[in-house]
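Chains as they are written, first to last, in UniProt numbering: chain A, 1 to 397; chain B, 1 to 341. In this text, a Cβ means the ideal position worked out from N, Cα and C, and glycines have one as well. First up is the structure itself, then whatever we jot down about it.
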């Protein structure tokens with residue numbers, strides 16, 4: 001078995017903290033970041049729980065030393081903070097030494113500002129600077145400029161599997177030698193647009209979500225950004241770098257069942273997991289822990305459970321969803337949970353699936369309900385999205 | 001490493017490029033600041049029951065993908081990869097306006113569901129029941145080229161035999177006016193209309209008689225200065241072992257704004273060969289450069305393009321190697337090299 005592609009740095013901003021260390025502490029103490037929405041005015045404020053980043057835009061802009069007339073959206077602000085931490089952790093001072101790329105993921109891009117100023121765009125020159133920051137590539141472009149990356153830079157948007165696909169593409173580019181180093185991940189800010197979108201689909205929970213529970217009542221939205229630095233074996237060897245973990249496998253498949261709903265058989269999820277195992281050259285019995293997509297909607301959790309049963313047969317590894325810590329952070333979720341999977345490998349522990357009480361009758365599966373220590377070698381992470389997009393990543397020591 | 005063959009390319013644009021023979025017989029003059037694509041009769045491609053709910057981006061994407069697959073004689077691709085700069089703008093505008101005007105009340109999910117950038121790729125997969133690799137790039141003017149990079153990676157590595165890829169953007173009805181509004185405040189604004197379109201193609205590892213051309217190389221660069229553009233272009237050619245003298249035509253993304261200096265710098269390198277442009281006729285949008293990909297394939301296949309597309313035309317000859325270059329506002333540069341099979 002090949003080791004895979006080395007991960008040498010990571011950075012994160014989420015509802016449970018604005019650094020890798022803060023996120024780890026919250027995970028180790030089973031401390032959820034879900035709460036009442038503060039930064040957005042919406043009628044749904046009191047009927048939902050969200051995973052919101054504590055800082056205001058002004059506070060983040062100050063941390064990044066941005067000029068006052070900047071046109072950063074919250075998506076770009078969160079992304080910049082997390083990407084900066086990842087680069088620092090990887091101890092990269094001179095970005096131009098190696099061929100370095102950036103692949104970022106987002107679903108709504110600059111929607112947080114667009115929705116605020118949509119009705120003023122035509123008449124108010126003050127807010128027109130946010131017209132060019134609407135498109136999804138804008139936050140990526142700003143992060144690239146901040147990090148000094150001038151070459152291969154792109155954005156992926158496959159709904160809630162976006163960042164998993166960004167990590168996958170980065171690993172593939174390193175593997176074939178097209179890049180020496182690549183920053184991969186995703187960023188999404190909370191917006192009225194997504195809150196109302198998921199509300200109209202009637203899948204938002206009024207309470208903290210309870211993934212995989214028989215009585216689960218929907219998801220909590222969250223906002224976050226998370227990035228990993230991937231480097232080739234040559235770069236790692238030349239700089240004698242310490243490696244946090246390896247991206248050992250990846251798989252992307254489409255459920256081809258419905259624009260938003262997952263199939264009863266979990267076909268897309270099953271195929272994505274199967275491909276990831278094949279790429280890694282691992283048997284399903286070698287997976288020690290699964291960080292599930294587990295959004296806590298009726299549809300996803302049942303479909304994913306069935307996919308887990310299909311791929312792992314009767315020997316389902318320990319699994320949990322960390323969505324009750326951060327909320328569902330849409331495009332960023334794949335990167336947030338990749339980072340949690342790497343922390344799990346480093347700490348040899350599995351994080352709690354908060355809120356779980358009763359197994360669903362269809363599958364009887366019980367996730368890890370409390371922080372649990374265990375020697376881990378291989379962790380599997382799932383991310384699924386609208387459009388049938390299903391992706392699986394495998395991380396190994 | 002395997003060769004990446006192009007088995008088919010089709011394009012829906014503001015010109016009649018989607019016609020049965022794929023030949024534009026007459027150039028439509030574009031007078032407005034925003035222009036719609038020449039939309040084909042979609043009921044020939046899509047069941048009426050589905051058509052009702054589809055936005056122009058989805059219709060264009062589904063119809064163009066069907067024709068591209070049919071021309072390449074492929075039923076199930078091994079991957080579906082799309083690029084879109086603004087995604088499904090029409091449904092985004094609909095959901096946003098309803099949400100703001102109704103003060104978050106009485107919302108139905110249809111427009112939201114169809115507003116995500118990956119809707120087109122998802123709908124194509126759904127229509128084909130295609131469970132293969134599926135992804136969507138949305139990075140401004142290199143959205144389509146990002147899809148090309150991914151596809152070429154898979155073909156060359158032998159991970160896939162036939163890949164459907166496409167670039168699509170729709171005009172929408174409101175945001176485009178805001179874009180136009182701020183553009184008009186620039187010192188030297190974009191001088192071509194804002195537009196829409198969809199270009200889809202099938203890339204394959206298989207060498208076939210009917211193959212149109214070869215995708216020799218594709219690169220994207222986030223930032224290049226105008227002084228450095230020639231050096232970067234030459235380095236790109238060198239990396240792919242192509243001499244500047246091998247190039248028969250260059251297709252450029254001129255849109256009349258201040259950043260056209262990048263194209264002028266490229267032009268100076270090649271004193272004798274053909275230069276073509278297209279944004280004047282199909283409009284500027286993030287995946288407009290996919291139309292240049294269609295043009296390049298047409299040239300190599302030996303089809304005639306209307307003289308209006310030529311900035312400069314040398315003597316008539318066959319086209320063996322065509323270079324495409326595009327950028328937007330000085331960033332998101334792409335080089336694409338197409339060669340004869």
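Inset, instruction - Alpha carbon to alpha carbon, how far is residue 108(A) from residue 92(A)? Give it in angstroms, no decimals. - result: 30 Å
Inset, instruction - Would you verify that the beta carbon of residue 236(B) is, or is not, closer than 8 Å to some beta carbon of chain A? - result: no
Legend entry - Closer than 8 Å at the beta carbon, the chain B residues around residue 119(A): 100
Legend entry - Residue-chain proximity (residue 112(B), chain A), Cβ-Cβ < 8 Å: yes
Legend entry - Cβ pair count under 8 Å reaching 3, the segment 171 to 187 of chain A against the segment 228 to 236 of chain A: yes
Inset, instruction - Quick one: residues in its chain with C-beta nearer than 8 Å to the C-beta of residue 244(B), no 5 flanking neighbours on either side, listed in chain order? - result: 234, 237, 269, 270
Legend entry - Buried versus exposed, by CB contacts within 10 Å (16 or more), residue 7(B): buried
Inset, instruction - List the DSSP bridge partners of residue 372(A). - result: 350(A)
Legend entry - Partner residues on chain A for residue 104(B), Cβ-Cβ distance less than 9 Å: 42, 43, 44, 192, 195, 196, 199
Legend entry - Beta-carbon proximity list for residue 88(B), same chain, < 8 Å, skipping 5 on both sides: 55, 57, 58, 114, 115, 116, 117, 119, 120, 170
Legend entry - Proximity to residue 189(B) [Cα-Cα], best of 247(B), 255(B), 157(B): 255(B)
Inset, instruction - Identify every run of the beta strand (DSSP E) within the segment 214 to 254 of chain B, keeping only runs that are complete inside it and at least 3 residues long; order them along the chain. - result: 249 to 252
Legend entry - Which listed residue (124(A), 198(A), 31(A), 72(A)) has its alpha carbon closest to that of residue 112(B): 198(A)
Legend entry - Inter-residue spacing [alpha-carbon to alpha-carbon] between residue 171(A) and residue 154(A): 14 Å
Inset, instruction - Could you spell out where the beta strand (DSSP E) holding residue 133(B) opens and where it closes? - result: 133 to 137
Inset, instruction - Report the option in 84(B), 124(B), 222(B), 75(B) whose CA atom is closest to the CA atom of residue 146(A). - result: 222(B)
Inset, instruction - With 8 Å as the threshold, decide whether the Cβ of residue 388(A) is near any Cβ in chain B. - result: yes
Legend entry - Pair within 8 Å by beta-carbon distance, residue 328(B) and residue 143(B): no
Inset, instruction - Within its chain, find whatever has a CB closer than 6 Å to the CB of residue 248(A); leave out the 5 residues flanking it on each side and keep chain order. - result: 4, 280, 394, 396
Inset, instruction - Note down, in chain order, every chain A residue with its Cβ under 8 Å from the Cβ of residue 182(B). - result: 128, 131, 132
Inset, instruction - State the Cα-Cα distance for the pair residue 1(A) and residue 139(B), rounded to the nearest angstrom. - result: A caution first: residue 1(A) carries a pLDDT of 46, below 50, which makes its placement in the model unreliable, though a value can still be read off. So the alpha carbons of these two residues sit roughly 35 Å apart.
Legend entry - Top-ranked residue by Cα proximity to residue 381(B), from 155(B), 265(B), 291(B): A query on residue 381(B) cannot be resolved here, the shown segment of chain B reaching from 1 to 341 and no further.
Legend entry - Delimiting residues of the alpha helix (DSSP H) encompassing residue 147(A): 137 to 147
Legend entry - Reduced DSSP secondary structure (H/G/I, E/B, other) of residue 43(B): helix
Inset, instruction - Quick one: measure Cβ to Cβ for residue 158(B) and residue 205(B), integer angstroms, because I've assumed they're closer than 8 Å. - result: 7 Å
Inset, instruction - Check the DSSP bridge columns for residue 230(A) and list the partner residues they point to. - result: 7(A), 182(A)
Legend entry - chain A within 8 Å of residue 118(B), Cβ atoms only: yes
Inset, instruction - Give a yes or no on whether the C-beta atoms belonging to residue 140(A) and residue 102(A) are separated by under 8 Å. - result: yes
Legend entry - Whole-angstrom distance between residue 44(B) and residue 299(A), CA atom to CA atom: 34 Å
Inset, instruction - Locate the alpha helix (DSSP H) running through residue 352(B), then write down its first and last residues. - result: The requested residue 352(B) does not occur in the structure, where chain B is confined to residues 1 to 341.
Inset, instruction - Determine whether the Cβ of residue 201(B) lies closer than 8 Å to any Cβ atom of chain A. - result: no
Inset, instruction - Would you list, in sequence order, the uninterrupted beta strand (DSSP E) runs of no fewer than 3 residues that lie entirely inside the segment 41 to 128 of chain A? - result: 100 to 105
Inset, instruction - Flag residue 23(A) as yes when its Cβ comes closer than 7 Å to any non-hydrogen atom of the ligand SAM, and as no otherwise. - result: Looking for the ligand SAM in the displayed structure turns up nothing, as the structure carries no ligands at all.
Legend entry - Contacts around residue 74(A), its chain only, beta-carbon distance under 7 Å, and the 5 residues preceding and following it disregarded: 57, 112, 189
Inset, instruction - Name the two residues that bound the continuous beta strand (DSSP E) containing residue 329(A). - result: Unbroken run through residue 329(A): none, as it is neither H nor E.
Inset, instruction - With residue 55(B) as the anchor, note down where its alpha helix (DSSP H) starts and where it stops. - result: Residue 55(B) -> no alpha helix (DSSP H), and no H or E assigned at all.
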